[in-house]
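**Student:** The sequence shown lines up with residues 6 to 393 when you count with the numbering used here. Where a beta carbon is used, it is the ideal one built from N, C-alpha and C, also for glycine. Let me give you the structure first, and then I'll get to my questions.
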Amino acid sequence: MKFDSSDIITILQKFNKVEGDSFPRDIKSIQKLKPHDKNVLITFVFKGKKYAILIDNSAEDDDEYIYSQITLHIPVSDNYQLVNNPSSDDFLTFGLPYKGKDCYLLESKSDKKRLDILLVEKFGKESRSAYQKMITAGQVLVDGKIAKNAKQLVGRESNVKIESKQQKFTPIKYETIYEDDDIIVINKPAGMLTHAKGAIAEEFTAADIVKPITNYKADTNRPGIIHRLDRNTSGVLLMVKNSDAASKIQKQFSQRTIKKTYYTIVCGIPDQHKAFIDLPIERNPSRPSTFRVGANGKSAQTSYEVERSIIKKNISLIKLQPKTGRTHQLRVHMQYLNTPILGDLVYGGKPAERMFLHAESLEVTLLSGERKVFKAPLPDEFNQLMDK
């Protein structure tokens, strides 16, 4: 992919880093590097400030991975920090699609900044005045102490946190399936986000359940989270309490030794009773928060089997077993078969009381070495619809 100063300006604009008129000539000291054969790192200076763009479709919004690629070529002392995608969907906090690629913008934080400005740059989403109100309300901590002044200068080495006010949210009822010293497994209800979209929580999420008991990414908007379910997908969600558990279970996800089973009710009846879908998925350039089947996409594999069909209703209950874990994979694959998930308005499903997709089981090896299957029974609305 060719990438010039015009592309850099466009990406900066998408990340809200351009004020007023700016031109390609404003981009200085461009360097293109290759941390890995699957990505490109571009460093440059824009109006006196250092930036970097990582182009990497395999990063999947993993901040630890992104920083590991950056530090292969950039001194740690430059203190590059990821910039939030201001138009992110439920899944991408940092990544921004551009010309079919996932782009990540990082900004050097080598100098001290005003606290309110730093909060905008670090967490995004909220306005500067909103952060000033949080500082006044005592919600912002700098190195463990309550900040009192938005003009306070804060260095790159400082630990800045926003205290969440979970009590203002009404907790959503959920069931704990299993818990030990390393993990907690819940039956996530439809309608609950896996984690907040930005730094400022606006509703109760699954991450709020594990936040008080985890030290894994505890200061981020996704504490304890190592995999996700869409907001409107119910079922088994596993969260971790420590970094050791995160590392070992994430490895199982990446090696595809974790077995996942979903159930869905779709609109229509598939032509084949049972099949293996091997269709790559890519971001939809005309609707960047959605995906589609495309030859240039990432490998995506799903096994399915029809459990039951009701001809007069033109619906089917289907068991799905994804072999990969792409964003919206099951929803896109069902749409491609012309049997979209009931209630999935984004991918062509008919309106319903909810999106009828449920994570029924998750088979994983615990840190003790025990192989365990966690199950969440089908919600009542599934059974009621298929029994009518």
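Using a Cβ distance threshold of 8 Å, determine whether the segment 324-331 contacts the segment 252-266, with at least three qualifying pairs required.
**Tutor:** Result yes; three or more Cβ-Cβ pairs closer than 8 Å.
**Student:** How about V298 and P290: are their beta carbons less than 8 Å apart?
**Tutor:** no
**Student:** In terms of DSSP beta bridges, what is L101 paired with?
**Tutor:** C108
**Student:** Quick check on DSSP: helix, strand or coil for R331?
**Tutor:** coil
**Student:** Suppose you measure from the CA of K33 to the CA of K166; what does that come to, to the nearest Å?
**Tutor:** Distance between the alpha carbons of K33 and K166: 33 Å.
**Student:** Within 7 Å: the Cβ of F28 and any heavy atom of the ligand COA?
**Tutor:** Within the structure as shown, the ligand COA is missing, as the structure has no ligands at all.
**Student:** On the three-state DSSP scale, how would you describe H363?
**Tutor:** strand
**Student:** Helix, strand or coil, according to DSSP, for N89 in the structure here?
**Tutor:** If DSSP states are grouped into helix, strand and coil, N89 belongs with coil.
**Student:** Could you name each continuous beta strand (DSSP E) segment of 3 residues or more that falls completely within the segment 47-87, going from the start of the chain to the end?
**Tutor:** 54-60, 85-87
**Student:** What does DSSP give as the partner residues of A280 in its beta bridges?
**Tutor:** Y309
**Student:** Using DSSP with H/G/I as helix, E/B as strand and the rest coil, what is D95?
**Tutor:** Unreliable placement is indicated for D95, whose pLDDT of 49 sits below 50; the coordinate value is still reported in the next sentence. DSSP, read as helix, strand or coil, puts D95 in coil.
**Student:** Give the C-beta separation of I177 and M197 to the nearest angstrom, bearing in mind that I take them to be a contact with Cβ-Cβ under 8 Å.
**Tutor:** 5 Å
**Student:** Assuming Y136 is part of the beta strand (DSSP E), what are its boundary residues?
**Tutor:** Where Y136 is concerned, there is no enclosing beta strand (DSSP E), although the alpha helix (DSSP H) it sits in stretches over 133-141.
**Student:** Ignoring anything shorter than 3 residues or poking outside the segment 203-267, list the beta strand (DSSP E) runs there in chain order.
**Tutor:** 239-245
**Student:** With distances taken Cα to Cα, identify the nearest neighbour of N89 among D121, S11, V145, K202.
**Tutor:** K202
**Student:** Just the C-alpha distance for T307 and V351, rounded to the nearest angstrom, thanks.
**Tutor:** Each residue's Cα considered, the two are about 20 Å apart.
**Student:** Quick check: I60 and V50, are their CB atoms within less than 8 Å of each other?
**Tutor:** Result no, Cβ atoms of I60 and V50 do not sit closer than 8 Å.
**Student:** Quick test of the definition: if touching needs 3 or more C-beta pairs under 8 Å, does the segment 246-262 touch the segment 219-228?
**Tutor:** yes
**Student:** Taking the alpha-carbon of I151 as reference, which of I140, N192, V159, L158 has the nearest alpha-carbon?
**Tutor:** I140
**Student:** Give every residue of the same chain whose Cβ lies closer than 6 Å to the Cβ of L146, excluding the five residues on either side of it in the sequence, and list them in chain order.
**Tutor:** K166
**Student:** Within a Cβ cutoff of 6 Å, which residues of the same chain sit near G353, ignoring the five residues on either side of it in sequence?
**Tutor:** If we look at G353 and ignore the five residues flanking it on each side, its Cβ neighbours are Q340, P345.
**Student:** DSSP on E287, reduced to helix/strand/coil?
**Tutor:** strand
**Student:** Once the 5 residues before and after Q157 are set aside, which same chain residues still bring their CB inside 6 Å of it?
**Tutor:** L120
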